[in-house]
Amino acid sequence: MIREVFEYPAGGKDISLQFMELCQGSDSALDYAIKFRTLAAQSGWNDAALWAVFREGLSPALQTELACREDATSLTQYVATAIRLDNLLRQHRSRARPPVSSRPRPDYPRPREEVPEPMQLGRSRLTEREHQRRAQMGLCYYCGGSGHLIHRCPERPSSAQVGENSLFFSLTVPVSLCFPDRCVPVSALIDSEAAVNLINRALVEELRIPTIPCMPTLRIMAIDSQPIGGGYLTHQTELLEFQVGLFHREWLPFYVTSSPANPVILGFPWLRQHDPQISWHTGELVHWSATCLSKCLHEPVSWPCLASVVEDSAPLASGHVPCVYGDFLEVFSKERAARLPSHRAWDCAIDLLPNTSPPRGRDYLLSLPEARAMEEYIEEALAVGHIRPSTSPAAAGFFFVGKKDGGLHPCIDYRGLNAITVCYP
1 MIREVFEYPA
11 GGKDISLQFM
21 ELCQGSDSAL
31 DYAIKFRTLA
41 AQSGWNDAAL
51 WAVFREGLSP
61 ALQTELACRE
71 DATSLTQYVA
81 TAIRLDNLLR
91 QHRSRARPPV
101 SSRPRPDYPR
111 PREEVPEPMQ
121 LGRSRLTERE
131 HQRRAQMGLC
141 YYCGGSGHLI
151 HRCPERPSSA
161 QVGENSLFFS
171 LTVPVSLCFP
181 DRCVPVSALI
191 DSEAAVNLIN
201 RALVEELRIP
211 TIPCMPTLRI
221 MAIDSQPIGG
231 GYLTHQTELL
241 EFQVGLFHRE
251 WLPFYVTSSP
261 ANPVILGFPW
271 LRQHDPQISW
281 HTGELVHWSA
291 TCLSKCLHEP
301 VSWPCLASVV
311 EDSAPLASGH
321 VPCVYGDFLE
331 VFSKERAARL
341 PSHRAWDCAI
351 DLLPNTSPPR
361 GRDYLLSLPE
371 ARAMEEYIEE
381 ALAVGHIRPS
391 TSPAAAGFFF
401 VGKKDGGLHP
411 CIDYRGLNAI
421 TVCYP
């Protein structure tokens with residue numbers, strides 16, 4: 001009777017169940033062997049069964065090492081070999097790992113640190129009781145007012161005012177909205193989570209793009225179920241000529257919303273229709289689908305723009321200059337115009353604004369005509385000394401404008417650099 005009442009296995013579980021749950025995990029083979037031997041002494045199992053249980057509980061790396069060694073003839077030798085190999089592996093890993101102080105820290109973008117907001121300076125955060133009171137009454141956690149929540153509080157500074165470093169990634173591409181008299185460049189966000197293609201209301205009003213009512217209206221929400229803009233899409237544009245890059249053009253409507261961060265958002269319908277190949281490593285659109293090659297890719301459209309253009313540096317013949325300018329032939333010499341002036345004491349310095357650096361460029365795929373125009377530009381500019389080889393990551397945008405003779409004008413967009421340059425009165 002005493003044995004029937006009190007003879008239970010240690011730990012409250014049957015030995016077989018404890019064996020099935022036993023594994024090395026992150027422990028050393030020595031610690032694992034001690035636990036194994038403790039259970040084995042109570043099990044009464046033979047060596048063959050214990051050998052199989054011990055082997056199955058070892059870490060995969062140690063099982064691989066032991067599989068290459070068949071010299072163990074008994075369970076005792078097998079356990080000793082496992083302990084010895086595990087110690088060697090752990091010593092090897094500790095020696096191969098370099099000291100922390102000797103490794104340069106990678107330059108990852110750090111998440112934005114919480115900066116005390118103006119309403120929080122000089123006082124502590126909300127107490128638990130006050131937090132519950134505002135939650136029950138539907139009050140704003142920031143200012144305590146009614147009629148809005150904290151993410152729409154008019155007194156709370158935006159994230160851009162509180163801190164500038166945020167850890168996120170978004171894919172944007174330069175696009176153009178084309179009209180009969182002009183082509184307007186904008187930045188478009190590619191968002192696979194967007195169910196429709198969107199355009200900012202302010203941009204629609206600025207460009208006077210015709211719109212039509214949505215029948216019916218569509219409800220629009222963010223991923224956190226919060227409404228975007230007014231919460232509903234009530235209007236959409238008429239068909240707009242929309243251009244991505246130099247050759248890809250199409251006509252499509254956009255739903256009008258309030259999204260000042262991104263003038264244009266290309267959603268999942270656009271991605272499904274064109275199926276572009278995107279390099280997530282470089283954040284660039286690198287290839288169009290076969291459907292686009294037959295339907296959407298066209299010859300480039302010429303639009304007037306301001307650009308830096310490299311022309312042939314051959315001297316201008318005097319016969320091409322009108323007679324009235326005969327006394328100023330030197331002014332029309334392309335050979336002299338190609339030479340940079342010498343530095344003088346009164347040259348103006350080109351200084352950048354504080355805490356800024358020159359923008360970095362991106363790599364884009366070029367067609368064969370564009371590649372030839374690019375090579376000609378580089379060769380001519382190097383020959384006349386306008387540019388020189390450099391390993392700097394700074395770069396300006398480079399695009400092409402069609403010429404009347406069918407050639408391409410290489411153009412450089414210096415707006416990014418001009419935006420951070422100190423302007424002189």
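First residue of the sequence shown: 1, per UniProt numbering; consecutive thereafter.
Note that the Cβ used here is the ideal one computed from N, Cα and C, for glycine as well.
Please read all numbers here as calculations on a predicted model, not as lab measurements.
With a threshold of 16 other beta carbon atoms within 10 Å, Val204 meets it and is buried. Under the DSSP assignment, Asn200 falls in the beta strand (DSSP E) whose first and last residues are Leu198 to Asn200. Secondary structure within the region 363-423: the beta strand (DSSP E) runs of 3 or more consecutive residues, fully enclosed, are 397-402 and 408-413 (chain order). Looking at Leu30, Ile420, Val256 and Val173, the one whose alpha-carbon comes closest to that of Pro354 is Ile420. The C-alpha of His235 lies about 10 Å from the C-alpha of Pro216. Measuring C-alpha to C-alpha distances from Ile220 to each of Thr391, Gly57 and Gly267 identifies Gly267 as the nearest.
Counting of Cβ neighbours within 10 angstroms places Pro263 among the buried residues, the total reaching 16 or more. When the Cα atoms are used, Gln18 and Leu39 turn out to be separated by approximately 8 Å. DSSP links Ala188 through a beta bridge to Val173 and Val264. The bridge partners DSSP lists for Glu241 are Cys178 and Trp251. In the three-state scheme derived from DSSP, where H, G and I count as helix and E and B as strand, Ile350 is classed as coil. With fewer than 16 other beta carbons inside 10 angstroms of its own, Leu382 counts as exposed. Judged by pairs of C-beta atoms under 8 Å, the region 274-282 does not touch the region 323-331, as fewer than three such pairs exist. For Ile15, there is no enclosing beta strand (DSSP E); the enclosing alpha helix (DSSP H) covers residues Ile15 to Glu21. The three-state reading of DSSP puts Arg55 in helix, counting H, G and I together. Contact check between the region 345-364 and the region 406-422: three or more CB pairs, one atom from each, fall below 8 Å, which counts as touching. In the structure shown, His274 adopts helical secondary structure according to DSSP, grouped into three states.
When rounded, the separation of the alpha-carbon atoms in Thr76 and Asp47 is 9 Å. Ranked by Cα distance from Asp86, the first of Phe400, Gly138, Ala29 and Phe54 is Ala29. Distance from Ser192 to Pro185 at the Cβ level is roughly 23 Å; contact not present, criterion being Cβ atoms closer than 8 Å. When beta bridges are read from the DSSP output, Ser279 appears opposite Glu284. Annotation for Gly397: Asp413 place their beta carbon closer than 6 Å to its own, counting only its chain and skipping 5 residues before and after.
In the DSSP annotation of this structure, Arg208 is not part of any alpha helix (DSSP H), being labelled neither H nor E.
Within its own chain, the residues whose Cβ lies closer than 7 Å to the Cβ of Val321, once the five positions on either side in sequence are excluded, are Leu329 and Phe332, listed in chain order. The three-state secondary structure of Cys214, taken from DSSP, is strand. Residue state for Val321 is assigned as coil, using DSSP reduced to three classes. Going by C-alpha positions, Gly402 is about 14 Å away from Arg372. Spanning the alpha carbons of Arg272 and Leu189 requires a straight line of approximately 15 Å. Cα atoms of Ile387 and Ile378: separation of roughly 8 Å, rounded to the nearest angstrom.
Phe332: not part of any alpha helix (DSSP H); DSSP gives it neither H nor E. Listed as beta-bridge partners of Cys183 by DSSP are Cys178. DSSP, reduced to helix, strand and coil, places Gln132 within a helical segment of the structure shown.
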